[in-house]
Structures are given as C-alpha cells and as structure tokens.
Amino acid sequence: MTARLAADNLTLIRGERCLFEGLDFALNDGELLLLEGRNGCGKTSLMRAIAGMLSLETGQVLWNGVPVLKQRQTFHGELVWLAHRTGLKGDLNMVENLHFEESLRPQSGRDREAVYARLGIERLKRLPLRSLSAGQQRRVALARMLLADVPLWLMDEPFTNLDREGRKLVMELAEEHLAAGGLCVMAAHQDVEIGAPVTKIHMQ
Amino acid sequence: MWKFFHRLASPPHFYRLAAIIAPWFAVPGLLLIAYGAYAGLFLAPMDYQQGDAFRIIYVHVPSAYLSLMAYMIMAVSGGIGLIWRMKLAHAVAAAAAPLGAAFTFLALVTGSIWGRPMWGTWWEWGDPRLTSELILLFLYFGYMALRGAIDDTAKADKASAVLALVGVVNVVIVHFSVEWWSSLHQGQTLMKKGGPAMDPGMLYPLLGMILGFTFLFGSLLLRRVRTEVLFRERRTRWVREMILSPEGS
Amino acid sequence: MSEHQPQQPGIFSGLWATARRDLLLAWKRPGDVLNPLFFFAMVCTLFPLAIGPSAEQLEFIGPGVLWVAALLSTLLSLNSLFLGDFEDGSLDQLLVSPQPLPVLALGKTLAHWLTSGLPLVLVSPILAMTYRMPGSVVPVMMLTLLLGTISLSLLGSIGAALTVGLHRGTALLSLLILPLAMPVLLLGANTVSLAAGNDIYTTGIWALGAYAVASLSLAPYATAAALRISNE
C-alpha cells in the first residue's frame, strides 16, 4: 500500500552544507510527523522540500504515490502551510486577508464565525493586522489554516508567539485534525503532546 | 547515445577529456589566425573606397560574430541546465559569459577604430551594428552582475539561465528595432548588405580569421569550463584525489 | 474535513484575487503610487532646466524625454513589486498556492501596471503640453505609452522576480532591465517623433503592440520560474 505522503531518499545541500542525506519517511491519514532538532538544523528546509519549493540533490516527495513536482497544483490544493512568517498583509484587516486566501481555493464548508470564535479573534475583524499583537496575528494565520479545510497541514514552529493557552489550542486543533483523518507535519523545538500516532525525525 | 552524453557530462570525465581536446582547438586556431592575419594585412588587395582601413574587418567581423555566438551558447546551455538539470551545462554558461563580453568589447573597440577614418568620429550612433553591439555588451554586464550577486552557485546558475533565455529573445528584437531606428535617421553603415561580391583575395583571409577565432574561442571556452568545473567540484573526492596524487594536476 | 463538494475556482480567479489585493494595498498606501508619478514629472522638469527653455528645442526632444522619464519611473516602482510579499512571507504562500503561479504573477503585474503604468499615461498629456507637443500628436504618444508600459511592467516583473531577496537589488534590477527595455524605448519615442514630424508612424504602433502581446504571453512564465528559483 502506498502511503499518503512519503519521502524517498531525500538529500539536500545548501551551499557547502549538507542538511540531510538519504532521508525517508512515510505518513498516512491520521498520523503526525514531528521534526525535532536545534534551530538552523534544516527543519524549515525539509518542510519547504516537502512543499515542493526546493530542488533536492537526490530523491523525491510523493503524495498518493505520485511525485509532488509532477502534480504541483493538485498537491498544493491539499496542503496548507503555516510558516514562520505569517504571510498576512499588515495593511489589510483580518477579513480582507482571509478573503484573499479563500478566493484562491475551492469554497470550504467551514463555518467562518465558528472558527473565529474558537480562536478568539471574532472581535478583531476590522482592525488592520499591523495593529494586532504577534500572538493575535498567529491566530489569524491559524484561522486561514482551518478555513482552507485540507488534509495536509505543514506547521513550522506553530507555537511561536503564543501563550500557554494558545499552545494548548494549537495542540487540540492538531489532535482534532488528525482524529478526523488529516495529516500533519510539525517542526518544533519544544515538547509536543498530541494524542495521535507519531513518527519522529531527529535532525542533526 | 544517451550513455555517451551522460559520461561526457560527468565532471571528472569531462575534466580529463577537455584537457585532451583543448590543444586540438588551440593549434589549428592559431595557425588559421596566423594565415588570416598575414594574408589579410599584406596580400589582400586594398579596398577601392576605404583604402587600408578596411583591413580591421579581419578582427572586427570575427569578434562581432563570436559575441553573438557566445550569447547563444550561454542561453542554450543555460536552458539545457534548467530543463535537464545538467550541472556541466551551467558551468559552460558561466564560463562563456566573460569570453562573450570580451569579444563584444573587442568588436566595439575595433568598430570604433574603423569608424574614425570613415566617419571622422570615434563613435557614430547612426550605425545600427555598433548600437546593437553596445546593447549586447549591456546584456552581458547584466548577466554577470546577476551571477555575482547570488552567493549560492546552484541558484545563480538557474536565475542567470532564465535571464539569458529572456535576453536571447531580446537580442533579435534589438537587432530589428535598431535597424528600423537607424533607417529613420539615415544611418550610415560600414558594411552594406548585398553589396558587390568580395574579392576572393579579401574573402579567404576573412574566412580563415573567422574559423581561426572560432577555434580559439573553443579552446579558451574548454579551458575556462575546466577551471569552473574544478572550482565547483572542489569538495568532491575525485578532485582531492587528483590533486594529492603524484602525477596530479 | 467536511463532506462538502467543493466548487473549484476558475483559472482566472487567482489573477483577479492577486490584482484585487495589490490594488487594495496600493489604496491604503497611496504614496507608493504617487512617488513614481512625482518622479516622472520631476525628470521631465530637469531637461528644460538643463538645456534652456527654447521652444523649438523642447518640441524636438519632448517625445524622447517623456519616454525616458516614463522608463525610469517604471523602473523605480518595479523594485517593490515582490519585495513586500517576500518580506512578510506572503510570497511563500503564493508559491504553495493551488493556483498556477504564472497566473498569480500576472495578477500582480496587472496591479503594478494599473498603479504605475496607467497613471503615467494619464498624466503624460500635461507634461507633453509643457514640451509644446501638438494636440494631434498627444493621442499617439498616449497610445505608445499605453502599449509600452504594459511591456515594461511585464519585462520588469521578470527582473523583479530574479532580484527579489538580493542585497543591493535596486541597482542590479536596473542593470538587468534597462538593456531589455531599450527596444521599447526606441520604438516608443521614435514613433512619437515620427507622428510629430507628420510622417507615417503606424509601423511603430504595430511593433509596440506586437511586443506587448508577446511579453504578455511569455513573461508570466519567466516570472514564475524566476520566483521559484529566487525562493529556493
């Protein structure tokens, strides 16, 4: 049986440095892939490689058994990437930002108001994002992730700028997503408690 | 056939092969240039209009031709490198750029020297060829500047390949638009199209020079690509082994 | 994931969405639109100051000056085409978007043209007047600028994509784009001069139109490739 998301013999060299070599993994519905390691050890690069944004020295990433570079559009339609930088426009407000993201994807069945309420950002709709705190901006990015309603979540350091409550919320959301049959790749340099089958990759 | 290309594209193999081939380009190139220079400067008859001044075409024409040729090589090998991810092709593009820029510069300088007795000025904007050549030099500058600005070699290779491909389309457009422009302003050109056939005594040395320059260019390019390959592969085992081995270098 | 039959967005939804967002951003920061326009007007002012107010001379150099100023002003605004997106991470989001990247790049370029090229075309008659351009020539000049700025925005988007994230990107961008833009300048300015001299000028218009169409069909792909390479 082919895994939903699989990596086959990935090697990445940036400049003079080899970030990882001969890396394999396989991930199925409901499973979490946890990337561990110090800062600067290549977690973000691996995540970019999974998203098909880097050209690898060797190997390929497969989605449903097909190399992602051969089906970039389809694959990107099934993933959402919560990056270190939120990718939201400070001059626009939350609704304008999320509306832009939504118009790029098929209409999702999610109830917007419920998502806003869950994340505690329902009062921030009309404020320019610039005026929100870093933690609030991160919650808006989380809202974008939930509203996309896709199977694969790529989460790069999702706990940055969040308080204890926010961290708990992120873990809960990931747990629910996995329980509903979603997949999650998460890079974190702190302990993660998520009740789901976990594969760990420790990066040097 | 594929296997042959694959072997050729492997850096250590190319490095050894290029060392063997380079002299086969250099020697005929120098001989042809020696013939062309002697025959062109002393044996060829004088031009009835331009006198001895025309003799600079024996340097100007081959340089101008190679300036375009090098750009083509740069763009085509950049394209090959992008599509088939062949690293050697990128090394060729990187090595060809400064050579092309040098020949472009030579073509500009000789064109300007040629123009001095003809037009009475070192630079004549009305000449479409010189103007196109100048824009070509700027295209080379842009290409080399982009390469220089990107630290990561792999990224620099790909970005500059995109630029070279865009540029090669542009070279054609530059050529035609400059022709049109100079026809508006009654530009004066040194070489007219479809003029009387060249005297064989003038033509053969010119062909010799063009061929000789091409061979010389080939030899220089091979040497430069060798250096480029050695630098790019400096961390690999074969380079270390070769340098450390007694009969190395 | 909900059991919801999704309605796929059309091929141009990415184009409209990016264009709309960038226009909205420009609306909230009008300075980014106005500065290149002021620059355009100022460059046009420099020439009479430098060479004297002789009407005959100004009439003669007018088309060339307006075109050079338009080219420089477009160049000035190009640097920021992808820079903002690069800095706040939204460029990365565009790269993993389910929409085709060339379409998204075209949407951004469209917004750039609407906020830099089109305003230039609209204010150019005022500046042409100060250069004593005859009224019959002004529409020709506007048409050349209209077609020319489309090409410049498209060509420029390739350069902006290649240099995004590089140090000293502005100077490098000029170095890359100016030689590519020379045919556009040459066609545009000379067409206006021909019209001013009561010569036949249609060749230039056709050539500019062909250039715009060719760059419209090719540049978005080059820009998309360049964006992927710059963000590796």
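Residue numbers (the numbering used here), protein chains in the order written: chain A, 6 to 209; chain B, 812 to 1060; chain C, 606 to 837. Cβ atoms here follow ideal geometry from the backbone N, Cα and C, with glycine treated the same way.
Where residue i falls: helix, strand or coil (DSSP)
i	result
A/Thr16	strand
A/Phe164	coil
B/Arg1035	helix
A/Ser190	The question names Ser, but residue 190 of chain A in the sequence shown is Val. A/Val190 falls in the strand class under three-state DSSP.
C/Val585	Nothing can be reported for residue 585 of chain C, as the shown portion of chain C is limited to 606 through 837.
A/Pro133	strand
C/Glu837	coil
A/Glu29	The sequence given here has Asp at residue 29 of chain A, not Glu. It is a strand residue.
B/Arg940	helix
A/Leu24	strand
C/Asn684	coil
C/Ala831	helix
Buried or exposed by the 16-neighbour rule on C-beta atoms within 10 Å, applied to residue i
i	result
C/Gln698	buried
B/Gly835	According to the sequence provided, residue 835 of chain B is Trp. The question's Gly does not apply to it. Under this definition B/Trp835 is an exposed residue.
B/Glu935	buried
A/Met160	buried
A/Glu21	exposed
A/Val155	buried
A/Ala193	buried
B/Met1020	buried
B/Leu854	exposed
C/Gly802	exposed
A/Lys94	buried
B/His996	exposed
A/Leu40	buried
B/Gly1005	Note on B/Gly1005: pLDDT 49, under 50, position unreliable in the model; the coordinate value appears next. The residue is exposed, with fewer than 16 neighbouring Cβ atoms inside 10 Å.
B/Ser943	buried
C/Ile731	exposed
B/Thr1038	exposed
C/Ser659	exposed
C/Thr720	buried
Reference residue i, options the options, closest by Cα
i	options	result
B/Ile946	C/Leu790, C/His772, C/Thr768, C/Val728	C/Leu790
B/Gly847	B/Ile1054, B/Met1013, B/Gly911, B/Arg1043	B/Met1013
C/Arg727	C/Met747, C/Met738, C/Pro641, C/Leu777	Sequence check: residue 727 of chain C is Leu here, not Arg. Comparing Cα-Cα distances from C/Leu727 to each of C/Met747, C/Met738, C/Pro641, C/Leu777, the minimum goes to C/Met747.
A/Leu37	A/Val190, A/Asp196, A/Met208	A/Val190
A/Gly200	A/Gly35, A/Ala146, A/Arg53	A/Gly35
C/Val648	C/Ser659, C/Trp621, C/Thr735	C/Thr735
B/Leu893	B/His986, B/Ala967, B/Gly922	B/Ala967
B/Tyr869	B/Pro1016, B/Pro939, B/Met955, B/Phe1028	B/Pro1016
B/Arg958	B/Asp938, B/Ala906, B/Leu1032, B/Arg927	B/Ala906
A/Ala146	C/Ala765, C/Gly694, C/Gly753	C/Gly694
C/Ser729	C/Leu783, C/Leu642, C/Thr623, C/Tyr826	C/Leu642
B/Ser971	B/Trp895, B/Gly851, B/Ser888, B/Leu1055	B/Ser888
B/Ala875	B/Met1053, B/Ile961, B/Pro939	B/Pro939
C/Trp621	A/Leu109, A/Ala153, A/Met52	A/Leu109
B/Ala913	B/Tyr882, B/Gly890, B/Val838	B/Tyr882
C/Phe615	C/Thr650, C/Leu628, C/Val818, C/Pro703	First, the amino acid is wrong: residue 615 of chain C is Gly here, not Phe. It is C/Pro703 whose Cα lies nearest to the Cα of C/Gly615.
A/Arg87	A/Asp13, A/Ala12, A/Leu157	One point to set straight first is that residue 87 of chain A is Leu, not Arg, in the sequence displayed. The shortest Cα separation from A/Leu87 among A/Asp13, A/Ala12, A/Leu157 belongs to A/Leu157.
A/Gly125	A/Glu170, A/Asn98, A/Glu107, A/Gly186	A/Glu170
B/Met897	A/Glu62, A/Gly42, A/Leu129, A/Arg43	A/Glu62
A/Leu112	C/Leu799, C/Leu630, C/Ser618, C/Leu723	Checking the sequence, you will find Gln at residue 112 of chain A rather than Leu. Comparing Cα positions, the closest option is C/Ser618.
B/Ala904	B/Gly937, B/Ile884, B/Val973, B/Val985	B/Ile884
Residues that DSSP places opposite residue i in a beta bridge
i	result
B/Asp962	Bridge partners of B/Asp962: none, in fact.
A/Leu87	A/Met160
A/His207	A/Glu41
A/Val71	A/Trp68
B/Gly862	B/Asp858
A/Ala11	A/Ala31, A/Leu67
B/Asn981	Bridge partners of B/Asn981: none, in fact.
A/Asn98	A/Pro133
Closer than 7 Å: residue i CB and nearest the ligand HEM heavy atom
i	result
A/His81	The ligand HEM is not part of this structure, which contains no ligands at all.
Expected contact under 8 Å - CB spacing of residue i and residue j to nearest Å
i	j	result
C/Leu821	C/Leu706	With 8 Å as the limit, C/Leu821 and C/Leu706 do not qualify as a contact, their Cβ atoms being about 16 Å apart.
A/Thr204	A/Phe30	6 Å
B/Gly1023	B/Gly840	5 Å
A/Ala148	A/Tyr121	6 Å
A/Met176	A/Glu198	6 Å
B/Ala864	B/Met929	7 Å
C/Val797	C/Pro668	4 Å
B/Ser988	C/Pro788	4 Å
C/Leu681	C/Phe687	No, C/Leu681 and C/Phe687 are not in contact; Cβ-Cβ is about 15 Å, not under 8 Å.
C/Ala786	C/Leu676	6 Å
Contact list for residue i against chain E, beta-carbon separation under 8 Å
i	result
C/Ile834	No chain E appears in this structure, whose protein chains are A, B and C.
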